[in-house]
Amino acid sequence: MFKFPKAGLFAAVTLAALSVGAAHAADGAALYTAKTCVACHGADAKTPILPAYPKIAGQNETYLLQQLQDIKSGARSNAMSAVMKAVMTSVSDEEMAALATYVAGLK
Ligand code: HEC
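The C-terminal residue of the sequence shown carries number 92 in our numbering, and the numbering is unbroken.
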């Protein structure tokens, strides 16, 4: 069973995600920070906090959106995706699309 190494950070990340859950912005760059993606995947989306976490910058937009949907729905489910699934409960379909566009546009 995968254990998140920094339980305190994870709790903070989850709380931060919940507190901005009502935000309705569709600005991918703002969402990337507001939804705490930055905490795990890094400011440039290719410097994750743990080496095992994926570098997502510049990946195909359609692929990225599919992964976000699958992690949220549980279709993509494993010990690693579990830590991200908690965050995805506060990310709407519209926000996922904006995030996929933003991350795909990074180098
Ligand atoms: C708590 C840490 C954490 C947070 C917060 C987080 N992720 Fe993730 N993310 C992960 C982990 C771990 C994986 C790998 C999951 C797997 O292997 O199934 C992942 C996988 C992904 C993938 C799939 C990458 C691939 O190569 O298939 C995408 C896209 C992604 N995250 C985007 C985001 C976005 C956008 C956000 C903000 C809404 C976010 N993540 C928030 C930890 C996190």
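We put the beta carbon where it would ideally sit given N, CA and C, even for glycine.
Any non-hydrogen atom of the ligand HEC closer than 7 Å to residue i Cβ
{"i": "residue 20", "result": "yes"}
{"i": "residue 91", "result": "no"}
{"i": "residue 24", "result": "yes"}
{"i": "residue 63", "result": "yes"}
{"i": "residue 44", "result": "yes"}
{"i": "residue 66", "result": "yes"}
{"i": "residue 118", "result": "The displayed coordinates of the chain run from -14 to 92. Any statement about residue 118 would go beyond what the structure contains."}
{"i": "residue 52", "result": "yes"}
Nearest residue (CA-CA) to residue i, options the options
{"i": "residue 75", "options": "87, 58, 90 and 89", "result": "58"}
{"i": "residue 72", "options": "83, 45, 56 and 48", "result": "56"}
{"i": "residue 96", "options": "61, 65 and 45", "result": "The requested residue 96 does not occur in the structure, where the chain is confined to residues -14 to 92."}
{"i": "residue 92", "options": "22, 32 and 16", "result": "32"}
{"i": "residue 22", "options": "61, 48 and 69", "result": "69"}
{"i": "residue 38", "options": "67, 48 and 16", "result": "67"}
Cβ separation of residue i and residue j, assumed to be a contact under 8 Å, to the nearest whole Å
{"i": "residue 30", "j": "residue 41", "result": "5 Å"}
{"i": "residue 46", "j": "residue 85", "result": "5 Å"}
Check your understanding: Can we say the segment 10 to 24 touches the segment 48 to 68, given the rule of at least three CB pairs closer than 8 Å?
Key -> no
Review point. Which whole runs of the alpha helix (DSSP H) in the segment 19 to 46 are 4 residues long or more, in chain order?
Key: 22 to 26
Point to revise | Within the segment 59 to 92, ranges of the alpha helix (DSSP H) (whole runs, at least 4 residues) | key: 66 to 73 and 78 to 89
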